[in-house]
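Visitor: Just dropping this structure here.
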Amino acid sequence: MKWYHKVLICICVVIFSPIIILGICTASIAYLFEMPKNKKEYTNSEYFKDFNLPYKRYLLYSPEYRFYNGIKRRNLPIDYMRQESNGLEYFMFENILYLFPDFEQIDFNEEKSIWEADYDGHWNPFEEAYNNLVSKIDKEIDSSCIKLLIEREMFPRTDLNGIDIPECIFLTWSFDYAFENEDSLLKLRVPTNAKELFEMMKQTPDLCGDYYVDGDINIIWNLYDSIQIDIGIDSRECYLGVNKKSFGKIGSGITHWHPTNFEIYDEVCKIGKRGNVLVIRAFKSSESVLYMGEKENCPYNKESKQLIGKLYYLEAK
1327 MKWYHKVLIC ICVVIFSPII ILGICTASIA YLFEMPKNKK EYTNSEYFKD
1377 FNLPYKRYLL YSPEYRFYNG IKRRNLPIDY MRQESNGLEY FMFENILYLF
1427 PDFEQIDFNE EKSIWEADYD GHWNPFEEAY NNLVSKIDKE IDSSCIKLLI
1477 EREMFPRTDL NGIDIPECIF LTWSFDYAFE NEDSLLKLRV PTNAKELFEM
1527 MKQTPDLCGD YYVDGDINII WNLYDSIQID IGIDSRECYL GVNKKSFGKI
1577 GSGITHWHPT NFEIYDEVCK IGKRGNVLVI RAFKSSESVL YMGEKENCPY
1627 NKESKQLIGK LYYLEAK
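Here's what the structure looks like:
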């Protein structure tokens, strides 16, 4: 390496080191503030009450945790089990044993003509992944009575119409609301415009408020008193905005964020299903969504005090 290359590297290290250190410090502080909130949410959950497993950050996003809290909230007649031998969790529903995936995505490899499962960026044959899960079941059961519960977001393709997914897969829109409105063919397609999302909202049980399509990409949703939700959606980007209303007109915005097309419907359900809550902390110059989802698991309440800023506790009724 020539001397001026070494000098250039040294200069880059001097320039970017403070930025890197600042980024690490910011991430560490954010984690320290986030961890107590997440832990409180976990200890309030039905999953923790029934299994008493120690808190781990990944549990909040696991299929098992999300599914279990959902069925308990909806009182579904499901026999849920956790094996002591290896910790495998599964459930029985209408004489079918359902497993949860241990991978992140599933897609069809056109070159190899096989379905593959994604393990943290490493793609393995799906059949191998499925057989490995089945082998962990302690009880004897006919393979025809086993299904793998997969949520729609695990397929990176926006449109599954006309695609033959593996027969062992039971496709649901979300682990949180599995076995709800499963007859709808809309779960095969990720919404890419306002009309498609509007149709999904109309078919969603217990979705509160009044909503209507405004143009090709917008939905107006009157969900709370004096507050309006604006939804924007196209094939490239989505938008959720929470705005104050005054005398029937839109006033100042409280907050907004940009979910993906795969996330938008889930977030609509978390905000607007009957009994769910949206919690926002707003400052003069910034704001953040602290929680959205089931009221029972929310680490905040209407009386929660904030040292700085204003807390909006919005419940769908």
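As numbered in the working numbering, residues 1327 to 1643 make up the sequence shown, in order. Beta carbons: idealized from backbone N, C-alpha and C, even for Gly. Keep in mind the model is a prediction, meaning the values are calculated, not measured.
If you draw a straight line from the alpha carbon of R1607 to that of N1627, how long is it in whole angstroms?
Guide: C-alpha separation (whole angstroms): 12 Å.
Visitor: Around the C-beta of S1371, are 16 or more other C-beta atoms found within 10 angstroms, so that it is buried, or is it exposed?
Guide: Buried, since its Cβ has 16 or more Cβ neighbours within 10 Å.
Visitor: Can you tell which of N1507, D1542 and G1541 has the C-alpha that lies nearest to the C-alpha of M1527?
Guide: That would be N1507, whose Cα lies nearest to the Cα of M1527.
Visitor: Return the residue from the list A1520, W1441 and D1502 that minimises the CA-CA distance to D1490.
Guide: Ranking A1520, W1441 and D1502 by Cα distance to D1490 puts W1441 first.
Visitor: Alpha carbon to alpha carbon, how far is C1534 from Y1638? Give it in angstroms, no decimals.
Guide: Near 18 Å, if we compare the C-alpha coordinates of C1534 and Y1638.
Visitor: Rounded to whole angstroms, what's the CA-CA distance from F1452 to A1443? Just pull it up for me.
Guide: Those two C-alpha atoms are separated by around 5 Å.
Visitor: Helix, strand or coil: which one does DSSP assign to Y1384?
Guide: Reduced to three states, the DSSP call for Y1384 is helix.
Visitor: At 4 residues or longer, what runs of the alpha helix (DSSP H) sit wholly inside the region 1427-1462?
Guide: Here the runs fully enclosed are 1452-1460.
Visitor: Can you list, in chain order, the residues of its chain with a C-beta nearer than 6 Å to that of S1510? Leave out the 5 residues immediately preceding and following it.
Guide: Same-chain partners within the cutoff: Q1529.
Visitor: Per DSSP, which residues does K1473 bridge with? Please list them.
Guide: Partner(s): Y1424.
Visitor: Rank S1578, Y1550, F1417 and V1539 by C-alpha distance to the C-alpha of I1559 and give the top, closest one.
Guide: Per the Cα distances, V1539.
Visitor: Curious, which full-length beta strand (DSSP E) runs of at least 3 residues does the region 1553-1595 contain?
Guide: Whole beta strand (DSSP E) segments, 3+ residues: 1553-1559, 1564-1572 and 1575-1583.
Visitor: In three-state DSSP terms, what is G1396?
Guide: The answer is helix: DSSP assigns G1396 an H, G or I state.
Visitor: Just to confirm, is the Cβ distance from I1590 to L1523 under 8 Å?
Guide: Closer than 8 Å, so yes.
Visitor: Go to K1528, then tell me how far its alpha helix (DSSP H) extends in each direction, as first and last residue.
Guide: Taken as a continuous stretch (DSSP letters only), the alpha helix (DSSP H) holding K1528 covers A1520 to K1528.
Visitor: How many angstroms separate the CA atom of G1598 from the CA atom of L1549?
Guide: Whole-angstrom Cα-Cα distance: 7 Å.
Visitor: Just tell me which of L1616, D1532, V1568 and Y1617 has its CA closest to the CA of G1601.
Guide: Closest by alpha carbon: D1532.
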